[in-house]
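Worksheet: one structure, shown below.
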Amino acid sequence: MRTILLPIFFIAASHSLLFAEDAVKPIVQTHRIEIAPLFFGPPTHEYPFDGEMTEERLGAIFDNMKRDRINMVLLLGGWGEKTYFPSKVLKEPSRIDWYEIAFKMAQQRNMQVVLSGVYYTYNEQFLGGTWDPKKDLEINKKVYRELNQRYGHHPNFWGWYIPHETGDRTHRGDIMVILKNLPPFLKELTPGKKVAHAPWFPSRITLGEKDALTPAETAAEWDAMLNEIEGIDVFLFQDSTAPLDEIGDYFAAIKPVFDKHDVELWAVMELFHRFQDRPGIELFESISFDMLKHRMETVSPYTKRFACWEYQTHLNPDSKAPGAKALSKAYRQWLERR
């Protein structure tokens, strides 16, 4: 993904520490993936979708997620006017209320649910145009109100996800219009519910050598941004947006900043291939488990939980994506040994 939309959210095991008697530093147990996005059709313009969603297919996805110890799902809206519940705000709603079905399936399996806003004009910047942050803000406020009216009563409703991705203040247009205004709105709409957001690292493999920020520069940028942002409880950084040999450096640099601002730092384990010599991805080919394990071990000391992008394509044993079945099998074997 140009950086990929993430959307996405979704996450990993509690931050447990194991102490050896003669150890000077704690040994951090590697988190597992706990949180997964769920979509009912293409979540962005670059995504094909393998067939139609059915209740049987959705139930099988939930059963696999439960087996893989996923305990939270993020319901992803569509983009533009498209969504997957009977919206009265957007012009291309679904006649089937997939969100209500998903809430019930999640509750049956003791899973929490996160609701997302929509990429209204945001994707236009990846299709040769520009996006309008003020329009996205206006539409998303209406969508969030509608979502709260329809689904906010569910006991397994965790909170909200802001999908507009952020690397810094200058790329992706005036992203701060969204980040400065939506979180306070959501806090007023649903006091006590959490708000999450998934940024990317402005590294050489997302922006190229000329525009890249070092880990220290990234930390300074986010320190300045967090002085302007109120109401986001959780930031889930997309792990592979940093070069493989620098992932730990980026997370180590930003952790003190997020601790300082008293917000939780989680991570998104990206399960697709990202080029290491230039910006670019292989979005539909799954990484190896060895790669995933290395990244989980690298990032665990700095974060509380893991999400993934994304389960249906890359960690679901029923997926047809190249490498998905092998990744699913190896990951399950690893889980069973924990």
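Residue numbering for the sequence shown follows this note's numbering, beginning at 794 and increasing consecutively.
Backbone N, C-alpha and C fix where the C-beta goes; we use that ideal spot for every residue, glycine too.
- Taking all protein chains shown into account, N1020 has fewer than 16 neighbouring C-beta atoms within 10 Å of its C-beta and is therefore exposed.
- For K875, the beta-bridge partners assigned by DSSP are E885.
- Between the region 1007–1019 and the region 977–986, the count of Cβ pairs shorter than 8 Å is below three; the stretches do not touch.
- In this structure, the beta-carbon distance from W951 to Y937 does not fall below 9 Å.
- In this structure the region 827–837 does not lie against the region 1071–1089, because fewer than three pairs of beta carbons, one per stretch, are closer than 8 Å.
- Rounded to the nearest angstrom, the gap between the Cα atoms of A1046 and R1067 is 22 Å.
- Here the alpha carbons of W924 and H957 stand approximately 11 Å from one another.
- Look at I894 here: in three-state DSSP terms it is helix.
- Note on H946: under 16 other CB atoms within 10 angstroms of its CB, so exposed under the neighbour-count rule.
- Residue pairing for E1075: DSSP places it in a beta bridge opposite H1066.
- Burial is judged here by how many other beta carbons sit within 10 angstroms of a residue's own beta carbon; E848 has fewer than 16 and is exposed.
- Counting only runs that start and end inside the region 946–1026, the alpha helix (DSSP H) elements of at least 4 residues fall at 969–982, 997–1000 and 1008–1019.
- If you draw a 10 Å sphere on the C-beta of R825, you find 16 or more other C-beta atoms in it, and that means buried.
- By the Cβ neighbour-count rule, E845 is exposed, with fewer than 16 other Cβ atoms within 10 Å of its own.
- The region 1108–1122 makes no contact with the region 1044–1060: fewer than 3 CB pairs, one atom from each, lie closer than 8 Å.
- With a cutoff of 9 Å on beta-carbon distance, R943 and E874 are scored as not near each other.
- DSSP, read as helix, strand or coil, puts Q822 in coil.
- Nearest Cα to L940 within the set K1097, A829, L908 and H1107: L908.
- Note on geometry: alpha-carbon atoms of K884 and A853 lie some 30 Å from one another.
- In the DSSP secondary-structure assignment, F832 is not bridged to any residue.
- Taking the Cβ atoms as the reference, G960 lies roughly 4 Å from P995, within the contact range of under 8 Å.
- The Cβ atoms of F1044 and Y1095 lie closer than 9 Å to each other.
- For a cut-off of 8 Å, the C-beta gap from S1093 to T823 is around 5 Å, short enough to register as a contact.
- Here G870 is buried. Its C-beta has 16 or more other C-beta atoms within 10 Å.
- Counting of Cβ neighbours within 10 angstroms places E1063 among the buried residues, the total reaching 16 or more.
- Of the other Cβ atoms in all chains shown, 16 or more fall within 10 Å of the Cβ of Q1031; this residue is therefore buried.
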